[in-house]
Amino acid sequence: MAERQRARLIELTQQDGNDHCADCGSKNPDWASCTIGVFVCNVCAGIHRSLGSSQSRIKSIRLDNWDRDQVQVMEMIGNNKAKEKYEMHVPSYYKRPTSQTVDVLKKEWILAKYQRLEFTDPDKQMSYNVAEKTGILWKLGRDRKQFAQRKFVLSRSENKLYYYVNEDNGKQKQPKAEADLDFLNAVFVPEKIGNPYGLQITYFKNGSTRNLFVYSENSKDIVDWFMCIRAAKWERRRIAFPDRDLTQLAEDLTKDFLAEGWLSKMGPKNEPFRRRWFTLDRRKLMYFEEPLNAFAKGEVFIGHKDGGYSITTGGEEGDRGSNSQNVNSSYCFTLHTPDRKFVLRAETQEEMHKWLLELQKVVEMPLTTQDSKLAGLLVPKKSSNSFRLIKR
């Protein structure tokens, strides 16, 4: 009897929708919730267990015994029908997790779906779908390198994110800093910050990129802030482009970094290699002395290949004189821009290939209007229509 039920479950996992995790989309789920009626992967199954067995009882498809009533639940519901119920009103701007998404987004997606039922009623989304949001986040100090609580305010009407050093205490005070949402990005970086709820916010300040590193006391709060940023940016686009598809307007509201990690960089005047932390944020390549620096040592706008941008393996021996032996060492590659060649060295072949792949994708991508605005903020234009490099 048990083998018959197990065989039927395995048959169900082959059906359309059931062959992927109901929550993150990963292939071939091995677990199922016999109360909700969905098939899930191992990671999402662990989050379901936090809901409690009364809300979501998780069982292994292949290792646990199933009775007929439990299998009937899976037959009657399944992933597609469950999504019709629990994802009826997912906003276009809401970032749905994938198998590669950080754990905090997976966790809050599952809690929002099945515990808080946020997507069954738009009125349950007011913690992030609001005209103005105010709250406290822990922020890393620019110079002291310690986290302290700061008041943050996001205003849709002003299209700004502000933060304040102290509470107002009934008195009007100027914000410590403000960020234009049009050129703001937010990326979860738990390992970099050393906190599972760590978020990096980037924006422009005086022609350079400013990095804010923040975290919250709980997972819901930081995800609410993240979704609030996306919602505000999406709403602004919706008003500006009323004829556009709502899903299309949600593209690139926030964008994960394409690549991050340690590389060694050769100086522009025959200086030796120096180890730097590099971040590739869309078309912007930044390098830092340390991962948590507020400002980069240098920033490079990477244009299209037709504008004189390219990636090659190896260094530029003829241009580097006494450093030619270093240039010929393993794992070197060169970023070519109209104004300078950047000779970089990875620590492993795998890291080198990762950077080559991502940089090549960037130079092959057509420039967009937003890219041109970005370049205009970051660096001045040249008469040749390429963009000069700002260096520190």
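Read in order, the letters of the sequence shown are residues 1 to 392 in UniProt numbering.
We put the CB at the ideal spot given by N, CA and C, even for glycine.
Contact set for residue i: own chain, Cβ-Cβ below 8 Å, skip 5 residues either direction
{"i": "T348", "result": "Y331"}
{"i": "T247", "result": "S92"}
{"i": "A112", "result": "E118 and F119"}
Alpha-carbon spacing of residue i relative to residue j, whole angstroms
{"i": "L161", "j": "K233", "result": "11 Å"}
{"i": "R340", "j": "V363", "result": "15 Å"}
{"i": "T98", "j": "E271", "result": "43 Å"}
{"i": "R4", "j": "M76", "result": "18 Å"}
{"i": "V223", "j": "S216", "result": "9 Å"}
{"i": "L335", "j": "S310", "result": "6 Å"}
{"i": "S374", "j": "H304", "result": "Checking the displayed sequence, the identity of residue 374 turns out to be Leu instead of Ser. Their backbone Cα atoms lie some 14 Å apart in a straight line."}
{"i": "D221", "j": "L117", "result": "17 Å"}
{"i": "P190", "j": "G198", "result": "5 Å"}
{"i": "Q174", "j": "Y164", "result": "7 Å"}
{"i": "K391", "j": "A346", "result": "A caution first: K391 carries a pLDDT of 45, below 50, which makes its placement in the model too unreliable to give a value."}
{"i": "T366", "j": "G307", "result": "It should be pointed out that residue 366 corresponds to Pro in this sequence rather than to Thr. Rounded to whole angstroms, P366 to G307 spans 11 Å at the Cα level."}
{"i": "N42", "j": "I61", "result": "11 Å"}
Nearest neighbour of residue i, chosen from the options [CA to CA]
{"i": "R276", "options": "M286, Q15, K139 and H304", "result": "M286"}
{"i": "N18", "options": "S56, V43, K145 and A82", "result": "A82"}
{"i": "F295", "options": "T368, L344, I201 and M227", "result": "I201"}
{"i": "R236", "options": "E260, A250 and F226", "result": "A250"}
{"i": "F301", "options": "S264, S372 and M88", "result": "S372"}
{"i": "G261", "options": "E299, T247, F278 and Q370", "result": "F278"}
{"i": "L263", "options": "E350, R238 and K255", "result": "E350"}
{"i": "T368", "options": "K113, R282 and S60", "result": "R282"}
{"i": "I229", "options": "L246, R142, F183 and K205", "result": "F183"}
{"i": "N195", "options": "F152, F241 and L140", "result": "L140"}
{"i": "G207", "options": "K269, K145, K95 and E299", "result": "E299"}
{"i": "I110", "options": "V90, M126, D123 and D30", "result": "V90"}
{"i": "K219", "options": "T209, I47 and K107", "result": "The sequence shown places Ser at residue 219, not Lys. Nearest option by C-alpha distance: K107."}
{"i": "R6", "options": "R156, Q125, K361 and D67", "result": "D67"}
Residue j beta carbon less than 7 Å from that of residue i
{"i": "F226", "j": "L292", "result": "no"}
{"i": "S26", "j": "S56", "result": "no"}
{"i": "R49", "j": "I58", "result": "yes"}
{"i": "V38", "j": "N65", "result": "no"}
{"i": "V71", "j": "F188", "result": "no"}
{"i": "F333", "j": "L356", "result": "yes"}
{"i": "E178", "j": "S155", "result": "no"}
Cβ neighbours of residue i in the same chain (closer than 7 Å, five flanking residues each side left out)
{"i": "F288", "result": "R276, W277, A296 and K297"}
{"i": "residue 400", "result": "Because the chain is modelled from 1 through 392, residue 400 falls outside the range shown and cannot be assessed."}
Could I get the ranges of all uninterrupted beta strand (DSSP E) runs contained in the UniProt domain "PH" (256-364), with 3 residues as the minimum, in chain order?
259-265, 274-281, 284-288, 298-301, 310-313, 332-336 and 341-345
Which complete alpha helix (DSSP H) runs does the stretch 10-76 hold, if anything under 4 residues is left out?
42-49 and 68-76
Continuous alpha helix (DSSP H) assignments of at least 4 residues falling wholly in the stretch 84-149
103-110
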